[in-house]
Amino acid sequence: MLMNKMYFYLSTIYYVSSKQDLKKVHNFYSSNYVPADDLIDHVPATSFAHLDATTKQSRGLAAKWISPAVDPLDLMSTMLQPWVVGEEHYEITQRVKQTLQCYKELQDIIPILGLDELSEEDLLTVERAWKIKRFLSQPFIIAEVFISSPGKYVGLEETIRGELDGLPEQALYLVGNIDEATAKAMNLEMRAI
Numbered sequence: 000m001l002m003n004k005m006y007f008y009l010s011t012i013y014y015v016s017s018k019q020d021l022k023k024v025h026n027f028y029s030s031n032y033v034p035a036d037d038l039i040d041h042v043p044a045t046s047f048a049h050l051d052a053t054t055k056q057s058r059g060l061a062a063k064w065i066s067p068a069v070d071p072l073d074l075m076s077t078m079l080q081p082w083v084v085g086e087e088h089y090e091i092t093q094r095v096k097q098t099l100q101c102y103k104e105l106q107d108i109i110p111i112l113g114l115d116e117l118s119e120e121d122l123l124t125v126e127r128a129w130k131i132k133r134f135l136s137q138p139f140i141i142a143e144v145f146i147s148s149p150g151k152y153v154g155l156e157e158t159i160r161g162e163l164d165g166l167p168e169q170a171l172y173l174v175g176n177i178d179e180a181t182a183k184a185m186n187l188e189m190r191a192i
């Protein structure tokens, strides 16, 4: 009975919201547990088909202490369109996803051949993917207690600014903006001397 009431309540909210002024944005968040991470099971597949966006937590990233443990390749959003987020944001997002997808394909080869046998282009892809994963680990304000580091807010312009091939991977882990990453890289370099 509780489930029926909850469904009715959510249906009412969506109905009322759809009658509101279109300039207003209504966000609704739902957390769904998917047993055994089986996303193709009919229950989650049916639920996810009606959502504008999905975020899936990655056990692999969590095991590597990368927070938030969200793999960008597993994200889905109908709003990620150039006319919604802007051309620059869209293009950078697509390049990041392409780099991470290439790295994912190389992950099967690396344990067999090793990094030394990769082409220069593939090696650069691997290094960039490692850096991207580290830079996307943001020190959230709500996670300060767990990561023993002050939380940071990084705006969109800071997130998509610049190329970071010159910085070491460690400098990108749990930092705020690119200036912080550059300062952390200099600090790491000074410690190495």
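Residue numbers (numbering that gives the first Met the number 0): 0 to 192. C-beta: ideal position from N, C-alpha, C; glycine also.
Which partner residues of residue i appear in the DSSP bridge assignment?
{"i": "Val69", "result": "Gln56"}
{"i": "Met75", "result": "Thr53"}
For the candidate residues the options, whose alpha-carbon lies nearest to that of residue i?
{"i": "Glu168", "options": "Leu105, Met185, Trp82", "result": "Met185"}
{"i": "Arg127", "options": "Gly113, Leu105, Ser148, Glu143", "result": "Leu105"}
{"i": "Ile140", "options": "His88, Lys132, Gly150", "result": "Gly150"}
{"i": "Ser76", "options": "Thr54, Pro67, Pro43", "result": "Thr54"}
{"i": "Gln56", "options": "Thr45, Pro71, Ala48", "result": "Pro71"}
{"i": "Leu50", "options": "Ile177, Ser66, Pro110, Leu74", "result": "Leu74"}
{"i": "Tyr152", "options": "Gly175, Ala142, Glu162", "result": "Gly175"}
{"i": "Ala68", "options": "Lys132, Phe47, Thr124", "result": "Lys132"}
{"i": "Asp178", "options": "Ile192, Glu156, Arg190, Asp121", "result": "Glu156"}
From what residue to what residue does the alpha helix (DSSP H) around residue i run?
{"i": "Phe139", "result": "No alpha helix (DSSP H) holds Phe139; DSSP gives it neither H nor E."}
{"i": "Gln97", "result": "86–105"}
{"i": "Pro43", "result": "41–47"}
Determine the contact status of residue i and residue j, defining contact as a CB-CB distance below 7 Å.
{"i": "Ser136", "j": "Leu173", "result": "yes"}
{"i": "Leu166", "j": "Ala180", "result": "yes"}
{"i": "Leu171", "j": "Phe145", "result": "no"}
{"i": "Pro138", "j": "Ser147", "result": "no"}
{"i": "Thr124", "j": "Thr98", "result": "yes"}
Review point. Can you list the alpha helix (DSSP H) stretches of 4 or more residues lying completely in the region 110–190, in chain order?
Key: 119–134, 143–146, 155–158
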